[in-house]
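Below: one structure, written as structure tokens.
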Amino acid sequence: MFSRIETIEARKLAGKQISMSLINNQTSSLWGAFMPLRSQIRERIGTALYSLQVYPANYFSNFDPATTFTKWALTEVGSLENLPEGIEPFMLPAGTYAVFIHKGNTSSFPNTLQFIFTNWLPGSGYQLDNRPHFEILGDRYKNNDPDSEEEVWIPIKEL
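FYI, our numbering numbers position 129 of the sequence shown as 129, with every residue one higher than the one before it.
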């Protein structure tokens, strides 16, 4: 499941956001609102989509599934200028990430996260960094299909 450690430069993204919690999951509504507008976004880079979460500080150390966070549906762009109405800019900050491959449908995604946070992270020599978490939904992503694959990017820094 663990794939690699990668340090990236800042990326320009554009899309839609919603405030939600795990208990009040609005992911389907968010993507339903974003996908019809995606083709109107100029200067898209590639076809990959980003499912991105901005968590409040201490979200994971004081975990409560009712705590709200911001969820984004995004695509990478060459410019944040002249975005269509209803599409917002997002600058993904540079940083180091642990990248994992999740294989399977949406219902098995919590198992992937459990492995990352309870098995891999404690023995990795890294700790969570307070930056966005995201998944890249590329060519192998098939919504809710058991053969689907996506990259899970977890922000990290050395202990």
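For each residue, glycine too, the CB sits at the ideal point set by N, CA and C.
Of the candidates 145, 131, 150 and 91, 91 places its Cα closest to the Cα of residue 10. Beta-bridge partners assigned by DSSP to residue 80: none are found.
Residue 155 sits away from residue 104, with the two beta carbons spaced by 8 Å or more. Only residues of its own chain outside the window of five on either side were considered, and among them 130 have a CB closer than 7 Å to the CB of residue 57, listed in chain order. Exposure of residue 60 is indicated by the presence of fewer than 16 other C-beta atoms within 10 angstroms of its C-beta. Here the alpha carbon of residue 41 sits roughly 13 Å from the alpha carbon of residue 48. With a cutoff of 8 Å on beta-carbon distance, residue 52 and residue 132 are scored as near each other. The alpha-carbon of residue 152 is positioned some 15 Å away from that of residue 118. Closest in alpha carbon position to residue 7, among 20, 98 and 62, is 98. Secondary structure note for residue 4: its beta strand (DSSP E) is the uninterrupted segment 2-8. DSSP places residue 90 within a strand segment (E or B) once states are collapsed to three.
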